[in-house]
Amino acid sequence: MADTVSDFLVSRLAEWGIHRIFGFPGDGINGILGALNRAQDKIDFIQVRHEEMAAFMACAHAKFTGEVGVCLATSGPGAIHLLNGLYDAKLDHQPVVAIVGQSARTALGGSYQQEVDLTTLFKDVAKEYVEVVMVPSAMRHTIDRAIRIARAQRSVTCVIVPNDLQELEYEKPRRAHNTIHSGVGHAIPRPIPLEHELQRAADVLNAGEKVAMLVGAGALHATREVIDVAEVLGAGIAKALLGKAAVPDALPFVTGSIGLLGTKPSYTMMNDCDTLLMVGSNFPYSEFLPEEGQARGVQIDIDARLVSIRYPMEVNLVGDSVSTLRLLLPLLKRKQDRSWRQKIESEVADWWKTLEERAMDDAHPINPQRVFWELSPRIPDGAILTCDSGSSANWYARDLKIREGMMASLSGGLATMGPGVPYAIAAKFAHPDRPVIAMVGDGAFQMNGMNEVLTIGKYWKRWSDPRLVIMVLNNRDLNQVTWEQRVMDGDPKFEASQEIPDYPYARYAEGAGLRGICVDHPDAIGPAWDEALSSDRPTILDIYTDPDVPPLPPHISFKQARQFIESLAKGDPDRAGVIRETVKEFFA
Numbered sequence: 176m177a178d179t180v181s182d183f184l185v186s187r188l189a190e191w192g193i194h195r196i197f198g199f200p201g202d203g204i205n206g207i208l209g210a211l212n213r214a215q216d217k218i219d220f221i222q223v224r225h226e227e228m229a230a231f232m233a234c235a236h237a238k239f240t241g242e243v244g245v246c247l248a249t250s251g252p253g254a255i256h257l258l259n260g261l262y263d264a265k266l267d268h269q270p271v272v273a274i275v276g277q278s279a280r281t282a283l284g285g286s287y288q289q290e291v292d293l294t295t296l297f298k299d300v301a302k303e304y305v306e307v308v309m310v311p312s313a314m315r316h317t318i319d320r321a322i323r324i325a326r327a328q329r330s331v332t333c334v335i336v337p338n339d340l341q342e343l344e345y346e347k348p349r350r351a352h353n354t355i356h357s358g359v360g361h362a363i364p365r366p367i368p369l370e371h372e373l374q375r376a377a378d379v380l381n382a383g384e385k386v387a388m389l390v391g392a393g394a395l396h397a398t399r400e401v402i403d404v405a406e407v408l409g410a411g412i413a414k415a416l417l418g419k420a421a422v423p424d425a426l427p428f429v430t431g432s433i434g435l436l437g438t439k440p441s442y443t444m445m446n447d448c449d450t451l452l453m454v455g456s457n458f459p460y461s462e463f464l465p466e467e468g469q470a471r472g473v474q475i476d477i478d479a480r481l482v483s484i485r486y487p488m489e490v491n492l493v494g495d496s497v498s499t500l501r502l503l504l505p506l507l508k509r510k511q512d513r514s515w516r517q518k519i520e521s522e523v524a525d526w527w528k529t530l531e532e533r534a535m536d537d538a539h540p541i542n543p544q545r546v547f548w549e550l551s552p553r554i555p556d557g558a559i560l561t562c563d564s565g566s567s568a569n570w571y572a573r574d575l576k577i578r579e580g581m582m583a584s585l586s587g588g589l590a591t592m593g594p595g596v597p598y599a600i601a602a603k604f605a606h607p608d609r610p611v612i613a614m615v616g617d618g619a620f621q622m623n624g625m626n627e628v629l630t631i632g633k634y635w636k637r638w639s640d641p642r643l644v645i646m647v648l649n650n651r652d653l654n655q656v657t658w659e660q661r662v663m664d665g666d667p668k669f670e671a672s673q674e675i676p677d678y679p680y681a682r683y684a685e686g687a688g689l690r691g692i693c694v695d696h697p698d699a700i701g702p703a704w705d706e707a708l709s710s711d712r713p714t715i716l717d718i719y720t721d722p723d724v725p726p727l728p729p730h731i732s733f734k735q736a737r738q739f740i741e742s743l744a745k746g747d748p749d750r751a752g753v754i755r756e757t758v759k760e761f762f763a
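Right under this line is the structure:
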């Protein structure tokens, strides 16, 4: 039988090195599903519970492998469901290709069932490339360009395939006018700045007496280079959330996360520095960077569009972080005065003591900080960590000590709820021999994480290391927003919007054939982590935590303090507990 257009599509994906597709079926992609069925030896189709999860998993696959992630959805509602996960990939600059079905070509424009203007729908999230395949011979260059552009631009692209086209016989493009003849293959460049620009940057950094570094996701593969530069410059290193795994937290000059979820040493360092070196980061919050004019700035980024938009930099080096730092290092002069570094190290040491004291404070029943503090020394070597948006991200950012060789990620630019569990699943498929830990709030888990537990139940026996732990902070509250209502708006907790159902997550795990552990006493936290991380199957840790423990930012403005007091005065339903726990935090 001659190959169909769908058979060619699947074969071409395999030629590009795509070996896994995340998706959910529908009659708008039946032809493609049939081709995947015939090519199970080439590409593994992972069935998710919802198309949004397929897009999250494709994004996570890209994050944890450096490869192109691919997701598949049917026409109409299936395609629409992909969008949130695709925006997560777009805002975190991950190469993802979405393949979606469409109504038959003969029905387009006729208000047919499930007919949606998909080109318009995807033209923002996949602005670099979104195309409808209209004839069989066009499939070749369409899929080639979608993958090549996704890799080259670190972006989302989209290929739309009408369902009647999918089962037609594939035709090679003829050697004629108005035909395209594309090929497979893409060489990843390592751009480097010009020599005189490197020297300009070195001059700025050499002149500085108090150098601060901020590293992000673009520095994840430049760990050694970042550390070497920091040692020469006597600099401290702060980390954007997506760069949490860029340098290990055991180093005494690593100040930890920066921003609303950041640490006091990072905040202080940025306020006191006279020179800022930013590497591979698009960190958005300017109020946590030096005041404009306070510090001279050098930025390294692979994307020229992203330099000097958060802080007015004196020198912008457009290049790969590894290569650029290696070229810059010989031009730097070692700082002889180490007083700045000593000050940073002293503040970091004090901060870790403060975090431990806060974590060990009593709460009702469990302090969420202690959950993360107890995990930190127990994280297995080579583990992959995922986190969701919400108050869990605060403790993930501050309390966990990342070691070299680990990987970690969450939704950075979009900061959407829901990717914690699908990220973890994608990590297990990409690295089935490595332990994976997902840290999610009960709000995010109820939103969509619970459904994907069924996906774990379906596939986990394929993983050589079965350890996948989902830790659920069970505080019965959409906690991050509750605290934002109090501190940012001066409003008391709105129970109708914030309180969520109490649910036995551990029993739910058991119903899916997994292990469930319920923890409601602080002394049981450590043993529960030990049990989960030695389990012979994926585990859900259902930990009852106190919603009144405040996720304090590294600095409280007068306005925030006033609004917080006003929110309590207006009759916050949890006022007594909030006051009690806040006082503890301030005096820890």
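Those letters in the sequence shown? Residues 176 to 763, by this note's numbering.
Ideal Cβ positions, reconstructed from N, Cα and C, are used throughout, including at glycine.
query: Residue nearest to residue 339 in terms of C-alpha spacing, selected from 358, 309 and 504; result: 309
query: Among 709, 284 and 419, the one whose alpha carbon lies nearest that of residue 578; result: 419
query: DSSP-derived helix/strand/coil call for residue 519; result: helix
query: CA-to-CA distance, residue 349 to residue 584, given in whole angstroms; result: 45 Å
query: Proximity of residue 227 and residue 260 at Cβ, strictly below 7 Å; result: yes
query: Start and end residues, beta strand (DSSP E) containing residue 337; result: 331-337
query: Residue 276 (DSSP reduced to helix, strand or coil); result: strand
query: Three-pair Cβ contact test at 8 Å for the segment 540-550 versus the segment 566-578; result: yes
query: Boundaries of the beta strand (DSSP E) in which residue 717 is found, first to last residue; result: 714-719
query: Contact under 7 Å by Cβ, residue 430 with residue 386; result: no
query: Cβ-Cβ separation, residue 360 to residue 388 (assumed contact under 8 Å), whole Å; result: Not really, about 36 Å apart at Cβ, beyond 8 Å.
query: Status (buried if at least 16 other CB within 10 Å, exposed otherwise) for residue 250; result: buried
query: Residue closest to residue 181, alpha-carbon to alpha-carbon, out of 514, 717, 209 and 189; result: 209
query: Assigned exposure category for residue 215 - 16 Cβ within 10 Å defines buried; result: exposed
query: Burial state of residue 747 (16 or more Cβ within 10 Å); result: buried
query: Integer Cβ distance of residue 559 from residue 592, believed to fall under 8 Å; result: Actually they do not touch by this definition, with Cβ atoms about 20 Å apart.
query: Delimiting residues of the beta strand (DSSP E) encompassing residue 198; result: 195-198
query: Sheet register partners of residue 248 (DSSP bridge); result: 275
query: Proximity to residue 493 [Cα-Cα], best of 286, 393 and 517; result: 393
query: Where residue 464 falls, given that 16 or more other Cβ within 10 Å makes a residue buried; result: buried
query: Buried/exposed call for residue 603, threshold 16 Cβ in 10 Å; result: buried
query: Candidates 723, 728, 730 and 626, of which the one nearest residue 751 by Cα; result: 723
query: First and last residue of the uninterrupted beta strand (DSSP E) at residue 690; result: 690-694
query: Distance between residue 754 and residue 370 (C-alpha atoms, nearest Å); result: 57 Å
query: At least 3 beta-carbon pairs within less than 8 Å: the segment 674-686 vs the segment 696-704; result: no
query: Limits of the unbroken alpha helix (DSSP H) element including residue 672; result: 670-673
query: Uninterrupted beta strand (DSSP E) stretches inside the segment 506-581 (no shorter than 3 residues); result: 559-562
query: DSSP state of residue 613 mapped onto helix, strand, coil; result: strand
query: Span of the beta strand (DSSP E) around residue 450; result: 450-454
query: Coil, strand or helix - residue 643 by DSSP; result: strand
query: Buried/exposed call for residue 356, threshold 16 Cβ in 10 Å; result: exposed
query: Distance CB(residue 681)-CB(residue 691) smaller than 7 Å; result: yes
query: Inter-residue Cα distance where the pair is residue 284 and residue 335; result: 15 Å
query: Segment contact flag, the segment 619-634 with the segment 242-249, C-beta cutoff 8 Å, min 3 pairs; result: no
query: CB-CB length for residue 322 against residue 291, believed under 8 Å; result: Incorrect: roughly 24 Å between the Cβ atoms, too far for contact.
query: Stretch pair the segment 452-468 + the segment 314-334: three plus CB contacts closer than 8 Å; result: no
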